[in-house]
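Engineer: Counting from 1, one number per residue, gives the positions in the sequence shown under the UniProt record's numbering.
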Amino acid sequence: MFQVTLQSSPLIDSELSGRFARINITSVRSRALEIANAWPPCLRIIVTETSVKGVKVGTLFIVTNLGGTIGREGEHAVLIPDINISKHHAKISFTGTEDNKDDSSKGYTIVDLGSRNGTFVDTIRLSAALQESEPHLLTHGTNLRIGGTKLSVHIHQGRDTCDQCEPGVLMCAMNKPSPVKIDLTSNSAQNRQAELKRLRKKFGLDKNPATKPTGGGGAGKLNTPGYDDRAERRRKTVGSLVEGEKTQVAHMEESIPNQNKGFKMLSKMGWKSGQTLGKDEANTNALIEPIIPQQYAKNAGLGCSAPVIRPSSDSKEERKKTVWEKTQARYNVLGHEPPPTSNSPEDEH
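Right, dumping it as structure tokens:
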């Protein structure tokens with residue numbers, strides 16, 4: 001094998017440095033622009049609206065002065081896989097030359113190749129179904145509709161473009177999130193709670209705590225992922241039978257009604273009203289009435305002969321009875337007869 005070693009000399013280095021120093025960047029750029037302007041402009045076709053899966057809004061197709069075709073399958077300059085587009089749908093040609101490239105009547109033209117669903121240029125169909133059309137001139141800003149896709153035609157000199165034919169600009173505008181509309185005129189509490197919930201979810205404020213407080217200072221509600229609050233859903237859809245219904249309390253003087261859940265449970269077990277509880281129903285010593293708690297007057301102990309005071313289930317009646325006893329004691333101290341009770345015959349007159 002032969003090995004070639006290149007050695008630089010001061011003479012060669014100085015010559016190359018001199019050549020690079022004589023290069024004028026401005027003149028090179030202007031020369032490149034002159035060459036670009038000498039060539040016919042390209043046809044930039046961009047998708048503005050489509051219903052075809054796989055084709056995105058902002059997709060760019062470029063057709064040069066060599067021309068190109070539009071179709072559904074095969075090698076096409078504009079390939080759109082739409083069943084409403086023929087395999088060979090239309091043809092784009094450049095009719096201008098170097099001598100007449102500034103002529104407005106010359107340029108890019110489109111011809112429908114006898115498609116079934118037609119080609120629309122600015123809402124005008126070029127030809128009837130299965131008939132080839134006459135060439136139609138395409139200008140800057142022309143809108144095409146082929147099948148379920150709308151296209152916009154852009155013609156720029158050289159390397160110039162605009163915001164309407166840059167795919168990145170269009171896709172960025174399409175992906176821009178739409179502003180959230182908030183109804184500030186509504187003062188409904190439900191709307192306020194929904195908006196607060198949306199804001200908490202947006203900023204991640206309800207992810208850290210396991211529970212969040214409910215209205216009225218009550219217990220927290222479980223806020224774990226996957227938790228389904230069926231009770232809350234039932235309250236919203238079904239609701240309570242009676243709003244504000246008071247809880248039924250036991251009474252010492254009255255037996256439980258037949259609508260009571262305990263009464264229904266015992267009835268299902270075979271018990272009837274007036275019977276004793278337990279297995280030995282024939283026992284005469286079995287209790288039928290409930291055991292009533294007793295309280296001795298003046299904190300007397302067990303075995304005392306002091307009168308027994310039966311507890312009242314109504315605190316209002318208890319207070320009235322206490323006032324009556326104090327009044328009776330005052331009259332006894334003064335040597336007077338006690339005042340008549342509320343159920344004495346004198347009150348009836």
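Note that CB positions come from ideal geometry on N, CA and C, so glycine has one too.
Since we're looking at a predicted model, the values are computed, not measured.
1) Tell me the rounded alpha-carbon separation between Val323 and Ser255.
2) Please list, in chain order, all residues of the same chain as Ala329 whose beta carbon is under 7 angstroms from its beta carbon, the five residues on each side excluded.
3) Based on Cα-Cα distance, which residue from Gly274, Ile92, Ser273 lies nearest to Asp112?
4) What do you reckon, are the CB atoms on Leu155 and His136 nearer than 7 angstroms?
5) What do you get for Ala90, buried or exposed, if any count of 16 or more other CB atoms within 10 angstroms of its CB means buried?
6) Could you check if Thr59 is buried or exposed, using at least 16 other CB atoms within 10 Å of its CB as the buried criterion?
7) Using the Cα positions of Gly68 and Lys176, report the straight-line distance between them to the nearest angstrom.
8) Where does Ala90 fall in DSSP's three states?
9) Answer with buried or exposed for Phe203, where buried requires no fewer than 16 other C-beta atoms within 10 angstroms of its C-beta.
10) Could you spell out where the beta strand (DSSP E) holding Asn175 opens and where it closes?
11) Please report the straight-line C-alpha distance between Pro167 and Ile45, rounded to a whole angstrom.
12) Between the alpha carbons of Ile83 and Arg116, how many angstroms are there, rounded?
13) I need the boundaries of the beta strand (DSSP E) containing Glu49, first residue and last residue.
14) Please report the residue range of the beta strand (DSSP E) in which Lys150 lies.
15) Suppose you measure from the CA of Gly71 to the CA of Met174; what does that come to, to the nearest Å?
16) Based on the DSSP output, what are the partners of Gly71 in its beta bridges?
17) Specify the secondary structure class of Phe263 as computed by DSSP and reduced to three states.
18) Using a threshold of 7 angstroms, state whether the C-beta atoms of Thr237 and Ser152 are closer than that.
19) Can you name the residues that DSSP bridges to Asn143?
20) Rounded to the nearest angstrom, what separates His76 and Glu232 at their Cα positions?
21) Skipping 5 residues on each side, what residues in its chain have a beta carbon closer than 8 angstroms to that of Arg164?
22) Taking only the alpha-carbon atoms, compute the straight-line gap between Ser86 and Gly74 and give it to the nearest angstrom.
23) Using 10 angstroms around the beta-carbon of Ile291, count the other beta-carbons present and answer buried if the total reaches 16, otherwise exposed.
24) Please report the distance separating the alpha-carbon of Gly118 from that of Trp39.
25) Count the other CB atoms, across all protein chains shown, that sit within 10 Å of the CB of Ser267; report buried if there are 16 or more and exposed otherwise.
26) What does the Cβ neighbour count give for Val249, buried or exposed, with the cut at 16 atoms within 10 Å?
27) Which same chain residues end up closer than 8 angstroms to Gly54 when comparing Cβ atoms and leaving out the 5 residues on each side of it in sequence?
28) Confirm, please, whether the CB-CB distance from Tyr108 to Phe120 is below 7 angstroms.
29) In the DSSP output, which residue or residues are listed as bridge partners for Asp112?
30) One question on the structure: do Gly114 and Glu132 come within less than 7 angstroms of each other, judged by their Cβ atoms?
31) Quick check on this structure: which residue in Leu43, Lys320, Ser30, Pro293 has the alpha carbon closest to the alpha carbon of Thr161?
32) I'd like to confirm the pairing. Which residues does DSSP put opposite Arg125 in its beta bridges?
Structural biologist: Inspection of the coordinates gives the following:
1) Approximately 29 angstroms, taken between the alpha carbons.
2) No residues qualify anywhere along the chain.
3) Ile92
4) What sits at residue 155 in the sequence shown is Ile, not Leu. No.
5) buried
6) Label assigned to Thr59: buried.
7) 33 angstroms
8) Correct three-state label for Ala90: strand.
9) exposed
10) Taken as a continuous stretch (DSSP letters only), Asn175 belongs to no beta strand (DSSP E), as it is neither H nor E.
11) 11 angstroms
12) 11 angstroms
13) 43-50
14) 149-155
15) Gly71 and Met174 have their C-alpha atoms roughly 26 angstroms apart.
16) Leu79
17) Of the three classes helix, strand and coil, the one that applies to Phe263 here is helix, per DSSP.
18) no
19) Ser152
20) 59 angstroms
21) Going by the sequence as given, residue 164 is Gln instead of Arg. Only Ile46, Ser152, His154, Leu170 meet the Cβ criterion.
22) Between Ser86 and Gly74, the C-alpha separation is close to 11 angstroms.
23) exposed
24) 32 angstroms
25) exposed
26) exposed
27) Pro81
28) Against a cut-off of 7 angstroms, the Cβ pair of Tyr108 and Phe120 comes out as no contact.
29) Within the DSSP bridge table, the entry for Asp112 names Ala90 as partners.
30) yes
31) Leu43
32) Phe120
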